[in-house]
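To start, the structure under review is shown below, and the notes come after it.
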Amino acid sequence: MSEAIIRLQEQGRVTEEDVSALLKIIRDGNGRPPLMSRLEALERAVATEKVDKKMRWDLIIAMSPGLVALIATIMGYGPA
Numbered sequence: 009m010s011e012a013i014i015r016l017q018e019q020g021r022v023t024e025e026d027v028s029a030l031l032k033i034i035r036d037g038n039g040r041p042p043l044m045s046r047l048e049a050l051e052r053a054v055a056t057e058k059v060d061k062k063m064r065w066d067l068i069i070a071m072s073p074g075l076v077a078l079i080a081t082i083m084g085y086g087p088a
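Going by our numbering, the first residue of the sequence shown is number 9, and it counts up by one from there.
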């Protein structure tokens with residue numbers, strides 16, 4: 009029984025070391041940027057894309073009255 013307990017303690021210690029190494033790889037990266045840095049970069053890219061889409065719609069909305077006036081003016085010069 010004591011041998012089984014010693015074996016379980018040793019397995020627990022090895023598992024703890026493995027989990028610690030795995031967490032270090034996740035936190036610090038493994039030759040690549042850390043996971044947190046990659047997540048932050050992804051969040052910045054999404055935020056930038058949202059801003060770009062909003063700016064496009066703002067530009068379209070700002071141009072639409074002038075475009076309607078241009079079309080009305082062109083149609084007004086039609087055959088009399």
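Note that the Cβ used here is the ideal one computed from N, Cα and C, for glycine as well. Given the structure is predicted, the values throughout are model-derived calculations rather than measurements.
Simplified DSSP assignment, three categories, for residue i
i, result
"P41", "coil"
"M63", "helix"
"M71", "helix"
"M9", "coil"
Check: residue i C-beta below 8 Å from any heavy atom of the ligand ADP
i, result
"L67", "As for the ligand ADP, it is missing from this structure, which has no ligand bound."
Cutoff 7 Å; reference residue i; Cβ partners in own chain excluding five residues on either side
i, result
"P42", "R35 and D36"
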